[in-house]
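Some notes on the structure that comes next.
Number of protein chains: 2
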Amino acid sequence: MSVDELVGQVERARKDYEALVAKGLKLDLTRGKPSPKQLDAANGVLELSGEPVAADGTDLRNYGGLQGLPEVRAIFAEDLQVPVEQLLAAGNSSLELMHDAVVFALLGKVPGAEQRWADVEGLAFLCPVPGYDRHFGICERYGIKMIAVPMTPEGPDMDVVERLVAEDAAIKGIWCVPKYSNPDGTVYSDETVRRLAAMETATPDFRIFWDNAYAVHHLTDSPAKIADVLALCAENGHPDRAFVFGSSSKITFAGAGVAFFGSSPANIEWWLSHTVKRSIGPDKINQLRHVQFLRDADGLRAHMRTLAELIRPKFDAVDKILTAELGGTGLASWTAPAGGYFISLEVPEGCAREVVAKAKAAGIAITPAGATHPYGDDPTDQVIRIAPTYPELPEVEAAITGLATCVRLVAGEKLLADQAR
Amino acid sequence: MSVDELVGQVERARKDYEALVAKGLKLDLTRGKPSPKQLDAANGVLELSGEPVAADGTDLRNYGGLQGLPEVRAIFAEDLQVPVEQLLAAGNSSLELMHDAVVFALLGKVPGAEQRWADVEGLAFLCPVPGYDRHFGICERYGIKMIAVPMTPEGPDMDVVERLVAEDAAIKGIWCVPKYSNPDGTVYSDETVRRLAAMETATPDFRIFWDNAYAVHHLTDSPAKIADVLALCAENGHPDRAFVFGSSSKITFAGAGVAFFGSSPANIEWWLSHTVKRSIGPDKINQLRHVQFLRDADGLRAHMRTLAELIRPKFDAVDKILTAELGGTGLASWTAPAGGYFISLEVPEGCAREVVAKAKAAGIAITPAGATHPYGDDPTDQVIRIAPTYPELPEVEAAITGLATCVRLVAGEKLLADQAR
Chain F
0 MSVDELVGQV ERARKDYEAL VAKGLKLDLT RGKPSPKQLD AANGVLELSG
50 EPVAADGTDL RNYGGLQGLP EVRAIFAEDL QVPVEQLLAA GNSSLELMHD
100 AVVFALLGKV PGAEQRWADV EGLAFLCPVP GYDRHFGICE RYGIKMIAVP
150 MTPEGPDMDV VERLVAEDAA IKGIWCVPKY SNPDGTVYSD ETVRRLAAME
200 TATPDFRIFW DNAYAVHHLT DSPAKIADVL ALCAENGHPD RAFVFGSSSK
250 ITFAGAGVAF FGSSPANIEW WLSHTVKRSI GPDKINQLRH VQFLRDADGL
300 RAHMRTLAEL IRPKFDAVDK ILTAELGGTG LASWTAPAGG YFISLEVPEG
350 CAREVVAKAK AAGIAITPAG ATHPYGDDPT DQVIRIAPTY PELPEVEAAI
400 TGLATCVRLV AGEKLLADQA R
Chain V
0 MSVDELVGQV ERARKDYEAL VAKGLKLDLT RGKPSPKQLD AANGVLELSG
50 EPVAADGTDL RNYGGLQGLP EVRAIFAEDL QVPVEQLLAA GNSSLELMHD
100 AVVFALLGKV PGAEQRWADV EGLAFLCPVP GYDRHFGICE RYGIKMIAVP
150 MTPEGPDMDV VERLVAEDAA IKGIWCVPKY SNPDGTVYSD ETVRRLAAME
200 TATPDFRIFW DNAYAVHHLT DSPAKIADVL ALCAENGHPD RAFVFGSSSK
250 ITFAGAGVAF FGSSPANIEW WLSHTVKRSI GPDKINQLRH VQFLRDADGL
300 RAHMRTLAEL IRPKFDAVDK ILTAELGGTG LASWTAPAGG YFISLEVPEG
350 CAREVVAKAK AAGIAITPAG ATHPYGDDPT DQVIRIAPTY PELPEVEAAI
400 TGLATCVRLV AGEKLLADQA R
């Protein structure tokens, strides 16, 4: 773009932004929440037919069953790539399980550990960025140092990861969202998973926190497949390296789903040694409702296709509008995920905060810039997370059109200022 | 009893025990579980009528609502003696909340604390005995030293408690089941509660873990009342001293109830600072089911009267049979609680383990002797916990008759051996 063209572009953006503010919008794209229509599609999970009894005759109303209902574990085992006997079904949130895994490791030695993590000087986790703010929140709450690692189109930059874990025994974990990552929508390549499983670490008790949150959340007819992390860890002599997490929060109900924890037999035993002191068993009746609603792995996949029909138009709209408004301008790039809940929008250096602020001033709430990075600090201030699932399609369209206006304005002014220097 | 009478008594007990074993019973009085009939009485909680929406219009299927549904908190606030704005409704287990309170205090300073409990040298809890094994299990899992304090008919021996907490700043907590205590059925006197609230402690961050598990679990028409611990702590200048716990596990479903945490505003804020990193909110739909089933505090009390009709005959049977079999023998004493889930049976020194073992050999499973004490160690080996709620009445009768036979045998032989020395 010539300077004149740029000036003209910024002028138009200013007018468009004034018009946007005048509209007095009130739109919210901050969180990855299922829409009411998605929830409606899962209303069957409210129903319980017959007696609240397990296949083996257990009365599910009473105490017990720490490992969760075998029937619900069987439905999710294949897609979570965990043998059913190593997969536990728990409460309504996998975030709880990730938090508790960190806490249990802080206070009780994980298999292979020489000390509890609470006693490790300089305890640190690797955080592929952009990443999920709630992962980072757990680390921050417990004073675990976060080391950012860049994402590539194949997953975390494994050259960086391998170097860091080989050097520093205080690095005990890495956060991974291996399929349709939050927020890029990246699918880890088989080679990335293999290298994570095989790499040499300075500490014997390194753990991969494998948050397979979007295991079945496909938006296309060719579902992404990722390598089997538990199997690869075992094959490479690190059987206890991976903790696998998943949930039905974005399958049935976000507030009343079922969460899963899967790992090696030794890790499961360790996990249960903690949870047996904490829990009298999960809500098995809710698990039975899930069994009756989803029926089996095929039923789960069929339900996910129903949800994809609701979500895909929103993802398509985001891509279409961003292409129309920003394509070829050099002002932004964005991802076009084949699944998951998020789209990542990258703007010129130093612009993300200002874009989000401008959008907010125009009544469009976007996840705070920086949320995708440890400590809320995106060092180049470039990444904006778009969460298009919750609002209805016209609202998504209005919000993204408005967001694109903010990008044109902020990034255009930035370019202009840079050229003036 | 003369030696001859004693010899005769032991002879009869031996014959009765042989006959008991020959019956090949298979009875279980180990845990405080609701019976199927109690659970049936709460089956209404399986039903959800109308839309899964809160009184304020919130869609309960989605994320959010960390504090729990206000409507369910309102039902329990009065009986738990916690202002509704300081009462949180959570998952299906108050044990989880007690565990998490310990963990959060280990890893993040409680209000008033100078350090996290994980960094306290010689960290210890007071454990009134006999007490609840699952409380002790949490301490043991996290290496918290347990100091036994004797129970009196008014609650923990406050002379001992006051002396210990005044001396030792590493004593950070005390486990209390203030109403119908597990296993004695003791109701704390107002004076005990006042002294707990008022006592001077060597540490600024002492906490009372107030497990009000049996707040509404009355067996008579004159429900026990306990003093308001939160109010007394505040009045006495220790507003943050008490953590209050409760649940509907033994009201609705043991596996699918609602648990509660109540405390001072500062403690609630501290609690939420942890749970906001852990949770996306509890299962609010299950909380709504509870609201629809229980309706209000009066509905809760009416339901408890229904349950009392089912439980009281079992407690009466235990007392009647123990009186008939052991009354006046000097071989045992036992409590006759006016509520709760347990009866405590005291046998002569050194006999409890052997009685439980003999009962087990006769097919009657009783909570392991020692479970009522820290580290499973009842130093005088005298306390046996009876949990009569789960089996049907004829089974309770058969089990207690058998247990009494074991007491007559073991305690009789013990007395005989003592006399022979």
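Chains as they are written, first to last, in numbering that gives the first Met the number 0: chain F, 0 to 420; chain V, 0 to 420.
Ideal placement from N, C-alpha and C gives every residue a C-beta, glycine not left out.
Item: Leu-65(V) by DSSP, collapsed to three states: which one?; Value: coil
Item: Taking Cβ-Cβ distances shorter than 8 angstroms, what residues in chain F pair up with Asn-181(V)?; Value: By Cβ distance, chain F contributes nothing, its closest Cβ being about 14 angstroms from Asn-181(V), past 8 angstroms.
Item: With distance defined between alpha-carbon atoms, name the residue in Ile-225(F), Lys-224(F), Asp-189(F), Cys-232(F) nearest to Met-198(F).; Value: Cys-232(F)
Item: Between the Cα of Pro-238(V) and the Cα atoms of Gly-245(V), Phe-244(V), Ser-247(V), Asp-227(V), which residue gives the shortest distance?; Value: Asp-227(V)
Item: Which term fits Arg-420(V), buried or exposed, when burial requires 16 or more other beta carbons within 10 angstroms of its beta carbon?; Value: exposed
Item: So, with DSSP's three-state summary, where would you put Lys-455(V)?; Value: Shown here, chain V extends from 0 to 420; a query on residue 455(V) therefore has no answer.
Item: From Pro-421(V) to Ser-248(F), what does the alpha carbon distance come to, in whole angstroms?; Value: Nothing about residue 421(V) can be reported from this structure: the residues present for chain V run from 0 to 420 only.
Item: By the 10 Å Cβ neighbour count, where 16 or more other Cβ atoms means buried, how is Ala-165(V) classified, buried or exposed?; Value: exposed
Item: Show which residues of chain F have a CB atom less than 9 angstroms away from the CB atom of Phe-252(V).; Value: Pro-51, Leu-59, Arg-60, Asn-61, Asp-282, Ile-284
Item: Could you tell me which residues DSSP puts in a beta bridge with Cys-126(V)?; Value: Ala-147(V)
Item: Pick helix, strand or coil for Pro-155(V), following the three-state DSSP scheme.; Value: strand
Item: Quick check on Leu-47(V): does DSSP put it in helix, strand or coil?; Value: coil
Item: Hey, is Leu-229(F)'s beta-carbon within less than 8 angstroms of any beta-carbon in chain V?; Value: no
Item: Taking DSSP as the reference, what is the three-state secondary structure of Ser-1(F)?; Value: coil
Item: What three-state label does DSSP hand Glu-199(V) in the structure shown?; Value: coil
Item: Quick one: which chain V residues come within Cβ less than 9 angstroms of Leu-5(F)?; Value: By Cβ distance, chain V contributes nothing, its closest Cβ being about 42 angstroms from Leu-5(F), past 9 angstroms.
Item: Between the region 258–269 of chain V and chain F, which residues of the former have CB atoms less than 7 angstroms from a CB of the latter, in chain order?; Value: none
Item: Can you give, in chain order, each stretch of the alpha helix (DSSP H) that sits fully within the region 267–302 of chain F and has at least 4 residues?; Value: 283–293
Item: How about Asn-91(V): is its C-beta nearer than 8 angstroms to some C-beta of chain F?; Value: yes
Item: Using the C-alpha atoms, what's the distance from Met-97(F) back to Arg-133(F)?; Value: 10 angstroms
Item: What do you reckon, are the CB atoms on Glu-153(V) and Glu-190(V) nearer than 8 angstroms?; Value: yes
Item: Can a CB atom of chain F be found closer than 8 angstroms to the CB of Asn-387(V)?; Value: Note on identity: in this sequence residue 387(V) is Pro, with Asn being the wrong assignment. No, Pro-387(V) does not count as interfacial toward chain F.
Item: Measure the C-alpha to C-alpha separation of Asp-156(V) and Thr-185(V) and round it to an integer number of angstroms.; Value: 12 angstroms
Item: Can you find the residues in the same chain that come closer than 6 angstroms, C-beta to C-beta, to Ala-123(F), ignoring five residues on each side of it along the sequence?; Value: Lys-144, Ile-146, Ala-169, Ile-170
Item: Can you pull the chain V residues whose beta carbon is under 7 angstroms from the beta carbon of Pro-33(F), in chain order?; Value: Asn-61
Item: With distances taken Cα to Cα, identify the nearest neighbour of Arg-352(F) among Phe-341(F), Arg-11(F), Ile-365(F), Asp-118(F).; Value: Ile-365(F)
Item: So that I know if they touch, is there some Cβ in chain F lying closer than 8 angstroms to that of His-98(V)?; Value: yes
Item: Can you say whether Gln-114(V) is buried or exposed, counting buried as having 16 or more other CB atoms within 10 angstroms of its CB?; Value: exposed
Item: Taking DSSP as the reference, what is the three-state secondary structure of Asp-227(V)?; Value: coil
Item: Going by DSSP, what residue range makes up the beta strand (DSSP E) through Ala-88(V)?; Value: 86–88
Item: With DSSP run on the structure shown, which of helix, strand or coil describes Phe-75(F)?; Value: helix
Item: Assign Arg-277(V) to buried or exposed, taking buried as 16 or more other Cβ atoms, counted over all protein chains shown, within 10 Å of its Cβ.; Value: buried
Item: Quick one: Cα of Leu-65(F) to Cα of His-273(V), how far?; Value: 24 angstroms
Item: Taking its Cβ as the centre, do 16 or more other Cβ atoms sit within 10 Å of Tyr-62(V), making it buried, or is it exposed?; Value: buried
Item: Step through the CB atoms of chain V and report whether any lies within less than 8 angstroms of the CB of Leu-277(F).; Value: The sequence as given places Arg at residue 277(F); Leu does not occur at that position. Answer yes: the Cβ-Cβ gap between Arg-277(F) and chain V drops below 8 angstroms somewhere.
Item: Give me the DSSP bridge partner(s) of Leu-28(V).; Value: Ile-365(V)
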